[in-house]
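Here the structure comes first, spelled out in structure tokens, and everything after it is commentary.
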Amino acid sequence: MKFVSCTLFIFLSIGCKNTVNEHVDYTSIPPINPDSTVNMIVEIPAGTTAKYEMSKTTHQLVMDSIDNLPRYINYLGYPGNYGMIPNTLLAENMGGDGDPLDILLLGPSAKRGSIHKVSVIGVLELLDNRNQDDKLIAIDPESQWKAVEDASDLDSLYPGTKTIISTFFESYKGKGKMQLKGWADKRRAKEVLLKSLISK
Numbered sequence: 048m049k050f051v052s053c054t055l056f057i058f059l060s061i062g063c064k065n066t067v068n069e070h071v072d073y074t075s076i077p078p079i080n081p082d083s084t085v086n087m088i089v090e091i092p093a094g095t096t097a098k099y100e101m102s103k104t105t106h107q108l109v110m111d112s113i114d115n116l117p118r119y120i121n122y123l124g125y126p127g128n129y130g131m132i133p134n135t136l137l138a139e140n141m142g143g144d145g146d147p148l149d150i151l152l153l154g155p156s157a158k159r160g161s162i163h164k165v166s167v168i169g170v171l172e173l174l175d176n177r178n179q180d181d182k183l184i185a186i187d188p189e190s191q192w193k194a195v196e197d198a199s200d201l202d203s204l205y206p207g208t209k210t211i212i213s214t215f216f217e218s219y220k221g222k223g224k225m226q227l228k229g230w231a232d233k234r235r236a237k238e239v240l241l242k243s244l245i246s247k
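Residue numbers (my numbering): 48 to 247.
Now the structure itself:
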């Protein structure tokens with residue numbers, strides 16, 4: 048009986064760590080703040096492999112599935128907190144993938160479903176099945192990363208970071224699935240963001 052109770056406790060504890068707040072209206076969150084920071088919603092915490100994403104119908108975070116089975120990426124954990132920018136869209140008729148704009152927040156693992164005010168420093172330009180699938184790269188302006196003002200600063204301040212991120216996104220879906228176009232600076236990242244904003 049003790050074993051069963053202990054097992055149940057562990058199961059519930061693990062489940063609680065991955066619980067997503069079902070009552071947050073993510074559609075009410077503006078993409079850009081008055082101070083020029085960007086709001087991002089964490090879908091996949093750094094270091095994890097469970098594939099969560101924003102549902103296009105309920106606007107809540109749900110675990111993706113393949114053949115009715117929970118989806119996990121078959122690679123190393125994400126090299127940062129992966130998520131999306133609310134009220135954005137990479138429109139298919141403009142070469143995008145039809146999903147909200149993706150963003151990777153560098154730094155320690157953050158809670159799934161949490162909302163962060165971040166500074167965009169650049170963009171990793173990618174193609175997924177010939178569709179634009181860019182990943183904005185961001186830092187927490189109040190963290191140890193605050194000295195990074197542009198993606199180019201990573202080369203001197205955090206050597207190897209860009210290589211790690213590039214390798215991950217080129218490889219996490221399997222060999223040859225993602226095409227890396229290259230890195231672009233903060234100015235280009237802002238262009239991508241403004242182009243993806245949903246007008247209300």
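Here a beta-carbon is modelled for each residue, glycine too, at the ideal position from N, C-alpha and C.
Cβ neighbours of residue i in the same chain (closer than 7 Å, five flanking residues each side left out)
| i | result |
| --- | --- |
| Leu-201 | Val-195, Thr-208, Lys-209 |
| Lys-164 | Asn-80, Thr-84, Asn-86 |
| Ser-112 | Arg-118 |
| Ala-231 | Gly-169, Val-170, Glu-172 |
| Ile-211 | Pro-126 |
Straight-line Cα distance separating residue j from residue i
| i | j | result |
| --- | --- | --- |
| Lys-222 | Phe-216 | 10 Å |
| Gln-226 | Leu-183 | 16 Å |
| Leu-241 | Ser-83 | 12 Å |
| Asp-197 | His-106 | 31 Å |
| Leu-152 | Asp-114 | 30 Å |
| Lys-224 | Arg-177 | 10 Å |
| Glu-100 | Leu-204 | 31 Å |
| Val-89 | Asp-72 | 14 Å |
| Ile-245 | Leu-148 | 11 Å |
| Asp-146 | Pro-206 | 31 Å |
| Asn-134 | Lys-103 | 11 Å |
| Lys-46 | Leu-174 | Here the chain has residues from 48 to 247 only, and residue 46 is not among them. |
| Gly-130 | Lys-158 | 11 Å |
| Gly-144 | Ser-190 | Checking the sequence shown, residue 144 turns out to be Asp, not Gly. Cα-Cα distance, rounded: 32 Å. |
| Thr-214 | Ile-150 | 16 Å |
Backbone secondary structure at residue i - three-state DSSP
| i | result |
| --- | --- |
| Asp-175 | strand |
| Gln-191 | helix |
| Leu-116 | strand |
| Ala-231 | strand |
| Asp-202 | helix |
| Tyr-73 | helix |
| Ala-97 | strand |
| Glu-90 | strand |
| Ile-211 | helix |
Residue i beta carbon near the ligand NAP (any heavy atom closer than 7 Å)
| i | result |
| --- | --- |
| Glu-139 | The model on display carries no ligand, and the ligand NAP is accordingly not part of it. |
Neighbour flag for residue i against chain B, beta carbons, 8 Å
| i | result |
| --- | --- |
| Ile-184 | No chain B is present in this structure, which holds just one protein chain. |
Same chain, Cβ closer than 6 Å to residue i, five either side skipped, listed in chain order
| i | result |
| --- | --- |
| Tyr-219 | Ile-120, Tyr-122 |
| Thr-74 | His-106 |
Same chain, Cβ closer than 8 Å to residue i, five either side skipped, listed in chain order
| i | result |
| --- | --- |
| Pro-155 | Ala-93 |
| Ile-186 | Leu-152, Leu-153, Gly-154, Val-165, Ser-166, Ile-168, Trp-192, Lys-193, Val-195 |
Next on the checklist: Across the stretch 116 to 123 and the stretch 138 to 157, are there enough close Cβ pairs to call them in contact, namely three or more that are closer than 8 Å?
Outcome noted: no
Checklist entry - Does the stretch 92 to 108 come close enough to the stretch 166 to 184 to have 3 or more Cβ pairs within less than 8 Å? => result no
Checklist entry - Do the stretch 175 to 190 and the stretch 232 to 241 touch if we need at least three Cβ pairs shorter than 8 Å? => result yes
Next on the checklist: Ignoring anything shorter than 4 residues, give me the alpha helix (DSSP H) runs that lie fully in the stretch 124 to 185, in order along the chain.
Outcome noted: Fully enclosed alpha helix (DSSP H) runs of 4 or longer: not present.
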